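With the first letter of the sequence shown counted as 1, position 137 gets the number 137 in full-length UniProt numbering; the numbers rise by one all the way through.
From the three backbone atoms N, C-alpha and C, an ideal C-beta is built for every residue, glycine too.
Keep in mind it's a predicted model, so treat the numbers as computed, not measured.
What follows is a set of notes on a single structure, which appears directly below.
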Amino acid sequence: MSYNDLDRFELVSYPMDEVSVSEEADDTSQDFDASTRYLGHLSIKDSVTPLPNTFHDPEPPKKACKTGRLSAVGHLALFHLPAVATTLMLVAFYSVHIRWGELSDEQLSYLQFAAKGHEALILISLTDILMHRIRYNLLHEKNGVPLGFLSSSFVISSPISYFFSWELWAPLLRPHTKSNHAKMNIKATDVLIIISIILSIAAAPLSAIAILPRSGWWQVHVPMDVESNIIYINGPLWERDLSSNPEYTYLDSSNGLVEGLDRLRDVIDSPPVIRLRNSTQQISNISFASPYRTISITLDFTDRIYPLNVLQQPLAVTTTLLKYVGDYFEIDWEGRPVEVLTRTWQKFLGDRFDSVWDSTLNLTAAEKWKMFRQAPTGRWKQPIVAVECSPTKVMGNTAQFEFRSGITAKDVLLKTKDNNDFKTFLEDTKKSEKIGAHPAASHLFLDLPYNHISAAILFIRSVDGLNGTGLSLCRIYSRWAEADTWIEYGESVYKTHLDNSLFDVKAHFRRSGDADDLITMSKDWLQNTSRQVSSPSSNSSYHDILNYCTEKDPFQISRCLTISLSVYMIHILSLTASWTSYDIISESFRDSPPPTPDDIVIYKEYFVGGYGYNWKSSRTIPFAFSVLLLHVLIAFAHMMVVLLSRQSWHSSSWSSFGQMMVLALRSKALDGLGSVGAGVSSSKTWSTSVSVRVVGDEDRLEMVLQNEKGGHSQYQEVGGEVEEEGFDRGLSLAQPGVKYH
Numbered sequence: 001m002s003y004n005d006l007d008r009f010e011l012v013s014y015p016m017d018e019v020s021v022s023e024e025a026d027d028t029s030q031d032f033d034a035s036t037r038y039l040g041h042l043s044i045k046d047s048v049t050p051l052p053n054t055f056h057d058p059e060p061p062k063k064a065c066k067t068g069r070l071s072a073v074g075h076l077a078l079f080h081l082p083a084v085a086t087t088l089m090l091v092a093f094y095s096v097h098i099r100w101g102e103l104s105d106e107q108l109s110y111l112q113f114a115a116k117g118h119e120a121l122i123l124i125s126l127t128d129i130l131m132h133r134i135r136y137n138l139l140h141e142k143n144g145v146p147l148g149f150l151s152s153s154f155v156i157s158s159p160i161s162y163f164f165s166w167e168l169w170a171p172l173l174r175p176h177t178k179s180n181h182a183k184m185n186i187k188a189t190d191v192l193i194i195i196s197i198i199l200s201i202a203a204a205p206l207s208a209i210a211i212l213p214r215s216g217w218w219q220v221h222v223p224m225d226v227e228s229n230i231i232y233i234n235g236p237l238w239e240r241d242l243s244s245n246p247e248y249t250y251l252d253s254s255n256g257l258v259e260g261l262d263r264l265r266d267v268i269d270s271p272p273v274i275r276l277r278n279s280t281q282q283i284s285n286i287s288f289a290s291p292y293r294t295i296s297i298t299l300d301f302t303d304r305i306y307p308l309n310v311l312q313q314p315l316a317v318t319t320t321l322l323k324y325v326g327d328y329f330e331i332d333w334e335g336r337p338v339e340v341l342t343r344t345w346q347k348f349l350g351d352r353f354d355s356v357w358d359s360t361l362n363l364t365a366a367e368k369w370k371m372f373r374q375a376p377t378g379r380w381k382q383p384i385v386a387v388e389c390s391p392t393k394v395m396g397n398t399a400q401f402e403f404r405s406g407i408t409a410k411d412v413l414l415k416t417k418d419n420n421d422f423k424t425f426l427e428d429t430k431k432s433e434k435i436g437a438h439p440a441a442s443h444l445f446l447d448l449p450y451n452h453i454s455a456a457i458l459f460i461r462s463v464d465g466l467n468g469t470g471l472s473l474c475r476i477y478s479r480w481a482e483a484d485t486w487i488e489y490g491e492s493v494y495k496t497h498l499d500n501s502l503f504d505v506k507a508h509f510r511r512s513g514d515a516d517d518l519i520t521m522s523k524d525w526l527q528n529t530s531r532q533v534s535s536p537s538s539n540s541s542y543h544d545i546l547n548y549c550t551e552k553d554p555f556q557i558s559r560c561l562t563i564s565l566s567v568y569m570i571h572i573l574s575l576t577a578s579w580t581s582y583d584i585i586s587e588s589f590r591d592s593p594p595p596t597p598d599d600i601v602i603y604k605e606y607f608v609g610g611y612g613y614n615w616k617s618s619r620t621i622p623f624a625f626s627v628l629l630l631h632v633l634i635a636f637a638h639m640m641v642v643l644l645s646r647q648s649w650h651s652s653s654w655s656s657f658g659q660m661m662v663l664a665l666r667s668k669a670l671d672g673l674g675s676v677g678a679g680v681s682s683s684k685t686w687s688t689s690v691s692v693r694v695v696g697d698e699d700r701l702e703m704v705l706q707n708e709k710g711g712h713s714q715y716q717e718v719g720g721e722v723e724e725e726g727f728d729r730g731l732s733l734a735q736p737g738v739k740y741h
């Protein structure tokens, strides 16, 4: 059927009662394409022809939008308050460090469901924010909404394909309108859509990060009356220049040195060396003078393929915590958890316990306790000792020693003409050899210039059955290092953790900047610490160490000296003066002297294990909340815009993609779109703006197309004549509270 045939056919009209049944049957048997063209042509051209009254209208008129703060508050509370309240509640949980305790796998699964619910609440909030923006622009904005934005709120739960499509980016990059106001409105809407998409994608993992608690240790509150009873160590502590006489006892007669050396037998015979399979270095924890305090030791050999070679020169490195810090002082109070981890700190009180504490300041108990809590705290320092011994034989009046650790000078040459102490020591040794007697002195404390060391001790090595008498020079390195200190429930020995591994000798001693950090030990200090206070006339400790190593295994003297001397020196440095108990609040303990600025308080914190919320438990938690709080900020801004506007406007129309399709189907054809029946390929189409207006006298809402000037581009009939495209006959805006068809 040609176009002219259609025109001719339109000139003839037949009343319904004059059409026979056979003619109707013939009409229905016409070509399907022709009938669809005819029906479509009729629906567009003859707008005044009434529709057949075959079906009853099942849809009553509805309000497109509403006003009123009370209804707006109810709408916002329903769609936004649950998500915002959940996020802010989680922020409060993390701020006060809420602890859940031990959680089972089933309980953790319930929290995963809660995280999924939080994600859904965020998506509901974002969808409503976008829908409000799009509805408002459709109904009240002069330039409407680009076609590409219409589906944004419906795909917010799965926005990946939409994010990489022209629907989103064409209105921003190629705006259809020329109005600056319309361009700014489009950019603002596009930015809101992009942020909402990012938030919707991130909501799932970030909600899980925020809601699922972490396993860790959580601090326990200690009552004021318990914490006010302090224990402090008399200072000064951590001195680097050990030149004065020590005032404390090292080894008494009830716990002799030989007994402590016997505990080292297994380490000397089987030292902790590197495992060849995985190249990991071993550390052994041993008891020396007390079973309640362990010493950590590791050995480094220059030849790691054959570390047990008797000709090797091992380097022994040891560490342990201070004596009274390691002593376990059990503190109990009512309501104290059973399985606690105790962490120990040092607290610097300064002059807070001066004589004016009670008289001048007149502080209350709570104020005293507050001042005590505000005093600075820090990690305890503990000594680290490294010892290396090199054997040699005397060649005339000189003795040369070679060291391979690389900590300081590699070679040491001793000459009698340069060192009077060495000359006297060597002459006495030679005289004793001639008469077959033991020398009067078995060791000598030396000063070695150009060697960055703490101390140096020269030993006589006399082995029966071997020709000649040799010497062993042992160089000692020591320094103070900060460490974390704690004791776990059920244990009787404190554990420590250094910033650098114990066997990382380079980090501890080889840094040139730490040359001044070494502890220097004077000869007087070494001599005084080598005597047992209970038996000052007995042999020195260094003499006993040499005899022990010579008797047990004369072929491993160097290894035995290195291990024994390092353990003994770390034990000496870890001993401190006495401790004192003092109550900073109660008047009943005034017999005890208050701590001086040099004294250090042993401050303890108590922790229990389990799950809970803590900002520092994971680096991802601050990031997760920064994104979740962005949604809270957007939701608050949206609520303020709605509630503080002149009319608290909101709408619930077209809340689904299907309802938007129904609106488009009942509207007149948008002729300005072009050939889009089989799809959209031009980005310009998505930039075209549409709006919803009241059409005709029947208060009917339809979707109309906007042209570049902001007018409606459909062909409208006014007074029976067709006007040019772009003519706006003044379609009215939808009014709040009015029902429309």
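Please give the ranges of any alpha helix (DSSP H) in the region 636-690, keeping only runs that are unbroken, at least 4 residues long and fully inside the region. Runs of the alpha helix (DSSP H) inside the region 636-690: 657-666 and 683-687.
- Task: Could you tell me whether the region 330-340 touches the region 368-375, where touching means 3 or more Cβ pairs closer than 8 Å?
- Result: Here the region 330-340 does not lie against the region 368-375, with fewer than 3 beta-carbon pairs under 8 Å apart.
Using the beta-carbon count (16 or more within 10 Å), is M395 buried or exposed? Taking a 10 Å sphere around the C-beta of M395, we find fewer than 16 other C-beta atoms and assign the residue as exposed.
- Tell me which same chain residues have a C-beta within less than 7 Å of the C-beta of F79, skipping the five on either side of it? Sequence-distant partners of F79 (beyond 5 residues in either direction) whose C-beta falls short of 7 Å from its own C-beta, in its chain, are I124, S125 and D128.
- Message: Is the separation between the beta-carbon of R379 and that of A483 shorter than 8 Å?
- Response: Against a cut-off of 8 Å, the Cβ pair of A483 and R379 comes out as a contact.
Just to confirm my understanding: we take T377, look at its own chain, exclude 5 residues before and 5 after, and list those with CB closer than 8 Å. What are they?
The answer, listed in chain order, is W345, Q346, K347, F348 and Y603.
Does the separation of the CB atoms of S472 and L526 fall below 8 Å?
Contact flag unset, no.
Through-space distance from S390 to E259, alpha-carbon basis: Spanning the two alpha carbons is a distance of roughly 26 Å.
To the nearest angstrom, how far is the alpha carbon of V222 from that of A202?
About 40 Å.
* Asked: According to DSSP, is Q107 helix, strand or coil?
  -> Annotated three-state conformation of Q107 is helix, per DSSP.
Notebook entry, point to check: Can you tell me whether A316 is buried or exposed, with buried defined as 16 or more other CB within 10 angstroms of its CB?
Noted result: With 16 or more other Cβ atoms within 10 Å, it is buried.
Closest by C-alpha distance to residue 745, when choosing among S566, A115, A409 and G216:
Outside the modelled stretch of the chain, which goes from 1 to 741, sits residue 745, for which no answer is possible.
I need the DSSP call for H176, collapsed to helix, strand or coil.
In the three-state DSSP reduction, H176 falls in the coil class, being neither helix nor strand.
Cβ-based burial, I305 [other Cβ within 10 Å; buried from 16]: For I305, the pLDDT reaches just 45, beneath the cut-off of 50, and the residue's location in the model is therefore unreliable, although a value from the coordinates is still provided. With fewer than 16 Cβ atoms within 10 Å of its Cβ, I305 is classed as exposed.
Sheet register partners of A455 (DSSP bridge): A455 pairs with I476.
Which residues bound the beta strand (DSSP E) around C560? No beta strand (DSSP E) holds C560; the alpha helix (DSSP H) holding it covers I557 to S574.
Quick check for students: name the residue ranges of the alpha helix (DSSP H) that lie wholly in the region 184-270, counting only runs of 4 or more. Within the region 184-270, the complete alpha helix (DSSP H) segments of 4 residues or longer fall at 224-227, 257-262 and 265-269, listed in chain order.
Below 8 Å on the Cβ atoms is my guess for Y292 versus S492; work out the distance and round it to an integer in Å. 6 Å between Cβ atoms; contact.
Per DSSP, the bridge partner or partners of R343
In the DSSP output, where bridge partners are listed per residue, R343 has W486 and E605.
*asked:* Could you compute how far the alpha carbon of L363 sits from the alpha carbon of W333?
replied: Rounded to whole angstroms, L363 to W333 spans 25 Å at the Cα level.
Subject >> Buried/exposed call for residue 766, threshold 16 Cβ in 10 Å >> reply: Nothing can be reported for residue 766, as the shown portion of the chain is limited to 1 through 741.
*Separation of N185 from W169, as counted between CA atoms*: One Cα belongs to W169, the other to N185, and the distance between them is close to 14 Å.
query = Between I268, E106 and K66, which lies nearest to F555 when the distance is taken from Cα to Cα?
reply = Taking only the C-alpha atoms, the option nearest F555 is I268.
- prompt: Does the region 87-95 come within contact of the region 618-638, defined as at least 3 CB pairs closer than 8 Å?
  reply: With three or more CB-CB distances shorter than 8 Å, the region 87-95 counts as touching the region 618-638.
Task: Neighbourhood of T576 by C-beta distance below 6 Å, restricted to the same chain and skipping five residues each side - done: Residues I233, L322, K323 and Y324 of the same chain have their beta carbon placed closer than 6 Å to that of T576, with the five preceding and five following residues left out of the count.
For this session: For the alpha helix (DSSP H) holding G101, just list the boundary residues, first then last.
Result: G101 -> not in any alpha helix (DSSP H); beta strand (DSSP E) instead, spanning R99 to G101.
Measure how close the beta-carbons of V704 and S691 come, nearest whole angstrom, since I'm counting them as under 8 Å. A Cβ-Cβ distance of about 6 Å is found for the pair V704 and S691, placing them in contact under the 8 Å criterion.
By how many angstroms is the C-alpha of T688 removed from the C-alpha of A188?
So the alpha carbons of these two residues sit roughly 17 Å apart.
Original post:
Using 8 Å as the Cβ pair cut-off and three pairs as the minimum, do the region 614-621 and the region 94-111 touch?
Top reply: Touching, yes.
Handout entry: Residue interval of the alpha helix (DSSP H) (run including D421)
Key = For D421, the enclosing alpha helix (DSSP H) stretches over residues N420 to I435.
Between which residues of its own chain and V505 is the CB-CB distance below 8 Å, once the five residues before and five after are set aside?
Excluding residues within five positions, the ones whose Cβ falls inside 8 Å are D300, L315, V317, A386, S405 and I407.
field: DSSP state of A316 mapped onto helix, strand, coil
entry: DSSP, read as helix, strand or coil, puts A316 in strand.
Margin query: Between the alpha carbons of P146 and M661, how many angstroms are there, rounded?
Written below: Rounded to whole angstroms, P146 to M661 spans 16 Å at the Cα level.
Checklist entry - For the candidate residues H443, L81, E402 and D418, whose alpha-carbon lies nearest to that of T429? => result Taking T429 as reference, the option from H443, L81, E402 and D418 with the minimal CA-CA separation is H443.
How about I98: is its C-beta nearer than 8 Å to some C-beta of chain B?
Among the protein chains of the structure shown there is no chain B, as only one such chain exists.
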